[in-house]
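Notes for the one structure printed next.
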Amino acid sequence: MTNSFSEFGRLKAALIIGSNTTETHPVAASFLKQAARNGARLIVADPRRTKISEFAEVHLQHRVGTDVALLNALMHVIIREGRHDQEFIRSCTVDFDLVKAVVAEYPPERGAEICGVPAEDIERAARILGEIRPSMLIYTMGITQHTTGTDNVMSCANLQMMLGNVGFDCGGVNPLRGQNNVQGACDMGGLPNVFTGYQKV
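If you count the sequence shown from 1, position 114 lands on 124 in this note's numbering, and the numbers rise without skipping.
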């Protein structure tokens with residue numbers, strides 16, 4: 011996690027992908043719901059209609075296994091409309107041209123064809139992310155436990171770096187554990203190879 015749970019309640023915008031947050035992280039979800047009630051703009055990308063999607067301004071119900079195509083289409087729109095943070099990209103990233111070349115092949119129409127999400131919804135979500143800085147990205151096992159899980163995570167990181175959303179309050183890339191008690195148990199030293207606070211045995 012690049013951010014704290016306390017920031018969840020203060021965020022201005024967030025993309026929540028592959029996370030049934032209200033079921034698996036009810037405390038974090040309570041912060042997200044409060045933020046939405048206070049005007050935060052939530053985008054939920056999940057094939058299912060989860061409780062957190064009821065708080066979303068845009069719910070992208072993409073086909074299972076099409077996360078990378080959806081994220082590529084979002085990045086395509088952001089670059090096409092000049093909403094990416096060129097200074098952050100120049101000073102803090104490498105190989106942006108490689109990412110740009112790949113996402114150039116994923117206009118929202120192609121994303122819609124692959125993902126089953128209307129192109130206008132992809133564009134709407136991309137514009138929210140491009141307009142509101144910083145915005146937060148939250149994911150859980152809904153994108154990691156796939157054969158393409160690594161690619162999914164890398165695409166999330168690429169999106170946030172493209173927007174310059176890393177290193178700021180209420181921004182960043184925030185992977186949640188499968189269940190809230192898993193995170194707490196690990197923080198308190200429940201893993202076999204570390205003590206409390208992730209100190210190596």
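For glycine and all other residues, C-beta sits at the position ideal for the given N, C-alpha and C.
Judged by DSSP secondary structure, Met-146 falls within the beta strand (DSSP E) whose first and last residues are 146–149.
Spatial neighbours of Gly-159 in its own chain (CB-CB distance under 8 Å, excluding positions within 5 residues in sequence) are listed in chain order as Ile-153. With a threshold of 16 other beta carbon atoms within 10 Å, Phe-65 meets it and is buried. Contact between the segment 178–191 and the segment 54–65 is not established, with fewer than three Cβ pairs separated by less than 8 Å. The continuous alpha helix (DSSP H) containing Asn-82 extends over residues 77–90. Contact annotation: the segment 68–81 touches the segment 121–133, with at least three C-beta pairs closer than 8 Å. The beta carbon of Asn-82 sits closer than 6 Å to those of Val-113 and Tyr-116, all from its chain and outside the five residues before and after it, given in chain order. The C-alpha of Gln-170 lies about 22 Å from the C-alpha of His-35. By DSSP's assignment, Ile-53 forms a beta bridge with Leu-25 and Val-68. Of the residues Gly-140, Thr-150, Met-151 and Ser-165, the one whose Cα lies closest to the Cα of Leu-173 is Gly-140.
Using a C-beta cut-off of 8 Å, the segment 100–107 makes no contact with the segment 127–138, since fewer than three inter-stretch Cβ pairs fall below that distance. Burial check for Glu-119: the Cβ neighbour count within 10 Å stays below 16, so the residue is exposed. Residue state for Pro-185 is assigned as strand, using DSSP reduced to three classes.
Around the beta carbon of Thr-76, 16 or more other beta carbons lie within 10 angstroms, which makes this residue buried. In the DSSP annotation of this structure, Ile-62 is not part of any alpha helix (DSSP H), being labelled neither H nor E.
Comparing alpha carbon positions, the residue from Thr-12, Lys-22 and Ala-39 closest to Ser-29 is Ala-39.
Inclusion of Val-54 and Ile-62 in the CB contact set at 7 Å is warranted, their separation being smaller than that value.
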